[in-house]
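S.K.:
Residue numbers (the numbering used here), protein chains in the order written: chain A, 523 to 1065; chain B, 14 to 289.
#1: In chain A, which residues lie with their C-beta within 8 Å of the C-beta of residue 231/B?
#2: Going straight from the alpha carbon of residue 548/A to that of residue 774/A, what length do you get?
#3: For residue 997/A, which of 533/A, 1003/A, 567/A, 759/A has the nearest alpha-carbon?
#4: Quick check on this structure: which residue in 204/B, 33/B, 108/B has the alpha carbon closest to the alpha carbon of residue 143/B?
#5: Using the C-alpha atoms, what's the distance from residue 984/A back to residue 972/A?
#6: If you reduce the DSSP assignment to three classes, tell me which class residue 256/B lands in.
#7: Which word fits residue 1068/A, buried or exposed, when buried means at least 16 other C-beta atoms lie within 10 angstroms of its C-beta?
#8: Within 8 Å (strictly less), CB to CB, does residue 566/A reach chain B?
#9: State yes or no: is the beta carbon of residue 8/B nearer than 8 Å to at least one beta carbon in chain A?
#10: Distance cutoff 8 Å, beta carbons only. Does residue 274/B sit that close to anything in chain A?
#11: Per DSSP, residue 842/A is paired with what?
#12: Quick one: what does DSSP say residue 1051/A is sitting in, helix, strand or coil?
#13: For residue 947/A, write down the residues that DSSP places opposite it in a beta bridge.
#14: Which residues, taken in chain order from the region 910-939 of chain A, show a beta carbon closer than 7 Å to some beta carbon of chain C?
#15: Within 8 Å (strictly less), CB to CB, does residue 190/B reach chain A?
#16: Please go through the same chain and pick out, in chain order, the residues whose beta-carbon is closer than 7 Å to the beta-carbon of residue 793/A, but skip the five residues on each side of it.
#17: List the residues of chain B that residue 807/A touches, going by C-beta distances under 7 Å, in chain order.
#18: I need the DSSP call for residue 628/A, collapsed to helix, strand or coil.
#19: In this structure, what does DSSP give as the bridge partners for residue 190/B?
#20: Spatial neighbours of residue 727/A within its chain, please: C-beta separation below 7 Å, excluding the five flanking residues on both sides.
#21: Does any residue of chain A have a CB that is nearer than 8 Å to the CB of residue 69/B?
#22: Counting Cβ pairs closer than 8 Å, one from the region 245-255 of chain B and one from the region 808-828 of chain A, do we hit at least three?
#23: With a cut-off of 8 Å on the beta carbons, I'd call residue 827/A and residue 910/A a contact; round off their distance for me.
#24: Going along chain B, which residues have a C-beta under 7 Å from residue 821/A?
#25: CB residue 651/A to CB residue 886/A, shorter than 8 Å?
#26: I need the boundaries of the beta strand (DSSP E) containing residue 984/A, first residue and last residue.
#27: Is the CB of residue 604/A under 8 Å away from at least one CB in chain B?
#28: How many Å lie between residue 136/B and residue 111/B at the Cα?
#29: Kindly provide the ranges of any alpha helix (DSSP H) runs that are 4 or more residues long and lie completely inside the region 75-137 of chain B, ordered along the chain.
#30: Does the region 814-824 of chain A come into contact with the region 182-190 of chain B, if we say contact requires no fewer than three beta-carbon pairs (one atom in each stretch) closer than 8 Å?
#31: Select from 170/B, 189/B, 214/B, 114/B the residue whose C-alpha is nearest the C-alpha of residue 599/A.
#32: Taking the straight line between their C-alpha atoms, what separation do you get for residue 578/A and residue 623/A?
#33: Determine which residues of the region 165-176 of chain B have a Cβ less than 7 Å from any Cβ of chain A, and write them out in chain order.
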């Protein structure tokens, strides 16, 4: 082998002697990454985050987070001479007077939407494939924290330009703060530095938006990646894939190239959106004054489900010992968010408790193979989706000529009925897909060849499935079930004696019992018998 | 009259013509009316004269009214169970409703939608109809061309008034919005400056009235200047996505942005399956 050129060998040895980089790289450049399209979804969020940091830095060069009043004298004529806050004037300045400013603002905003969108689809992938199971529960919790912080980051960023729309969001934020029993008004005064809207909130949100939350996000993203690296990526079931190995391509070069290409795709899509699709046209909204509000005032999409909850909620209010408790704001602000986020965070532990499964899992589940989990997931998505949809009920009403109150009432009923229907339908679909899998394994796939037997009967020839597909199907693992079996003396196991224990056993059996076991029993005759289609049945009757 | 070649007798003869009295009367009335119109202060008084039109217009308007409006509004515009009285609504209301095609209404929905004008509703017919209704009990009149000229308004001032008074129903650029019980605030994009003015002055359907003491005619013109300026403005950021705010933005983020990226991820990780 040739010795490396001196220009490379020198610095490499220098680094190697001091930080042991060579060994580190040797170990890690060959890290194996399994290949599946859904494993790239998290990278949408990662790369959007990088774009957010870069474009955000650009915007800070001109943005002035102040609420002092100025008179606008910039290039946008319909606002010329209008009095507005420094923040809004500087956001207009970025949009109309800074070269490339509007493009940067738009790229920043589009990547924010895709950041949360990427996180959402990534999280759904993790959930439905059970990739949060031991040993990855901590990384799952970090992910939930990232998502929650991203919502907060979005909220603060949305408020910064101090246009009329962001003011509407700020007002709702204040309303939520005030709805907290007993301390609400104090919280509001603390947050806004006095009466709403005050003079402090923009600069406070600015510090939070550009320093505090991005810092925490960056730290958590690093932890997320390191844990993923150390624990190694999960893989889809397939040939030779077990919980003890990882089958895929090495980080260098294959995965690095794919990953790099995907960064460019992400950047490309965001740049296209930023160029051709106008987002958050603050100049059309006008400056914020608490007295003004526009029809169609909406939050960005990731807050839409909270908006929907607020719109669906009846106007309930109670007065308790002289304190007004505004349930009509408190419940929609806290309950759906709490249900979704707490439910997600606790799910790995609830599942472990119910199944009693303490094993490590590195092979992902196919969603159909854990029908109750998948049904719960789709049910949760339906709950979220209905709130999300109804967050836009005024636009639905205006653009599709629906009665506004009808949409509200539809939502009030659907929010309870929809998830239940979704649960049942999903469960049945999963079972159906499992049956299909079992059939493919035991009978093979239809070949399209119809054969006529000597006795006149027609059969369709089935061929065994391709090996990779068969292995993929055979990757199905049974879900552990808690045993309720009584011992020889009729005494149930210790954990299952209390009411909770009995419930747990029952739930475990419902959750884990495999209703469609895979069999490889492949009997030619039986097969021919069963698949004697194409009119054979009719003929038999004629005999 | 010597040397003119016209005999005195012939002039005298014309003076005594049976129609001479009518002609003199018409001339005198014309001079008086024209002089008054010129001398009178600009504004509503002159408009009233224009809007109320001539006696002929009123008569024509009445016959149009009987043919097209009376079945709901009553033979004398006194109103019926189906529709309100039109006495006192003014020419502006008629001009707004008929020129925007809202009237005659197609059916009794929660709100009469804007639609193509009825065939008979030419500009002249609308004026005649307006003159008739104006003659019944007065009311807001049709604004002059100058009163609604966007070029004469101040869009920045108008924008502030627009935000304070209009956008809670009509949206921040007048893209429209939903109201309760199937009603809605229509988009302002197809409305002419005159119609915008008339809508403010008369408060059609679910809309409140913004009379001249609430919003002066000059302020109305400023608002018209803002509305027409913003609606004709090319969106600097690319496609405006309907200019209805974050709803369509979120839709595009998912349907275009995320879908493209998911397709890309499928493409990047795609591989040929080895033949079994």
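Virtual Cβ for every residue (Gly too), placed ideally from N, Cα, C.
M.R.: For this structure:
#1: Result: empty, since nearest Cβ-Cβ is about 16 Å, beyond 8 Å.
#2: Cα to Cα, the separation comes out at about 10 Å.
#3: It is 759/A.
#4: Of the listed residues, the one whose Cα sits closest to residue 143/B is 108/B.
#5: Cα to Cα, residue 972/A sits roughly 10 Å from residue 984/A.
#6: Of the three classes helix, strand and coil, the one that applies to residue 256/B here is helix, per DSSP.
#7: No information on residue 1068/A is available, as it lies outside the stretch 523 to 1065 that chain A covers here.
#8: When Cβ-Cβ separations below 8 Å define contact, residue 566/A makes contact with chain B.
#9: The requested residue 8/B is not part of the displayed model; chain B covers only 14 to 289.
#10: Cβ-Cβ to chain A under 8 Å: yes for residue 274/B.
#11: Note: residue 842/A is bridge-paired with 845/A in the DSSP secondary-structure output.
#12: For residue 1051/A, the pLDDT reaches just 40, beneath the cut-off of 50, and the residue's location in the model is therefore unreliable, although a value from the coordinates is still provided. Correct three-state label for residue 1051/A: helix.
#13: Answer is none; residue 947/A lacks a bridge partner.
#14: Included in the structure are the protein chains A and B, with no chain C among them.
#15: Answer yes: the Cβ-Cβ gap between residue 190/B and chain A drops below 8 Å somewhere.
#16: For residue 793/A, same chain residues with a beta-carbon under 7 Å away, outside a window of 5 residues either side, are 629 in chain order.
#17: The answer, in chain order, is 185.
#18: Residue 628/A falls in the helix class under three-state DSSP.
#19: DSSP output for residue 190/B lists 198/B as bridge partner(s).
#20: Closer than 7 Å at the Cβ level, and outside the excluded window around residue 727/A, lie 678, 681, 682.
#21: Chain A contact via Cβ: absent.
#22: Contact between the region 245-255 of chain B and the region 808-828 of chain A is absent: fewer than three C-beta pairs spanning the two stretches fall below 8 Å.
#23: Contact annotation, residue 827/A with residue 910/A: C-beta distance approximately 5 Å; criterion of less than 8 Å satisfied.
#24: Under a criterion of Cβ atoms nearer than 7 Å, the residues of chain B adjacent to residue 821/A are, in order, 259.
#25: Result yes, Cβ atoms of residue 651/A and residue 886/A sit closer than 8 Å.
#26: It spans 980-985 - the beta strand (DSSP E) in which residue 984/A sits, taken as one unbroken run.
#27: Chain B, which has a Cβ nearer than 8 Å to the Cβ of residue 604/A, makes this yes.
#28: Our two residues, residue 136/B and residue 111/B, have alpha carbons roughly 10 Å apart in a direct line.
#29: Fully enclosed alpha helix (DSSP H) runs of 4 or longer: 83-86, 103-112.
#30: Short answer: they touch.
#31: Here the closest residue by C-alpha is 170/B.
#32: Answer to the nearest angstrom: the Cα atoms are 11 Å apart.
#33: Against chain A - using a Cβ distance shorter than 7 Å - the residues of the region 165-176 of chain B are 168, 169, 172, 173, 176.
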